[in-house]
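Engineer: Numbered as in the working numbering, the sequence shown ends at 97 without a single skipped number.
By construction, the Cβ of each residue, glycine as well, lies at the ideal position given by its N, Cα and C atoms.
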Amino acid sequence: MNLSYAQNMEDYHLSLAFAGQATGSNIDIGAGHPVADNVSFWFYERGWQGIAVEPQRHLVDLYARVRPRDASVCALVGTRSGITNFHVSRISLRCEL
């Protein structure tokens, strides 16, 4: 692996766990940006595909353009169904329920 796209090199560690596996699939919950600080983009570049679940509509739309092999779903994932408040910080990539 020459380049890590993830914030803490999670893609590097996963590449070691899946060494020798040419293709695969993934589900990325809270996917965020399709490239920057993204755990699954390194795998996407190597032919993997998956499902990106992201509550921010503009990022889901960006997935459709940047990663057309992946399915993207605009939704929140939590421990129970219902309606909740979702807060997006204007000064960082952090989001909270």
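Would Pro34 and Leu76 be called neighbours here (beta carbons separated by less than 8 Å)?
Structural biologist: no
Engineer: Using beta-carbon positions only, say whether Ser15 and Asp28 come within less than 8 Å of one another.
Structural biologist: no
Engineer: Check each candidate in Ser89, Gln21, Ala71, Val60 and name the one with the smallest Cα separation from Ile51.
Structural biologist: Ile51 has its Cα closest to that of Ala71, out of Ser89, Gln21, Ala71, Val60.
Engineer: First and last residue of the beta strand (DSSP E) that includes Ala71?
Structural biologist: 71-73
Engineer: Can you give me the C-alpha to C-alpha distance between His58 and Met9, rounded to a whole angstrom?
Structural biologist: Using only the alpha carbons, I get a separation of about 25 Å.
Engineer: Look at the alpha carbon of Arg46 and the alpha carbon of Val53, and state the distance between them as a whole number of angstroms.
Structural biologist: 20 Å
Engineer: Since Ala52 sits in a beta bridge, which residues does DSSP pair it with?
Structural biologist: Asp28, Ser72
Engineer: What three-state label does DSSP hand Val66 in the structure shown?
Structural biologist: helix
Engineer: Could you tell me if Phe86 is buried or exposed, where buried requires 16 or more neighbouring beta carbons within 10 angstroms of its beta carbon?
Structural biologist: exposed
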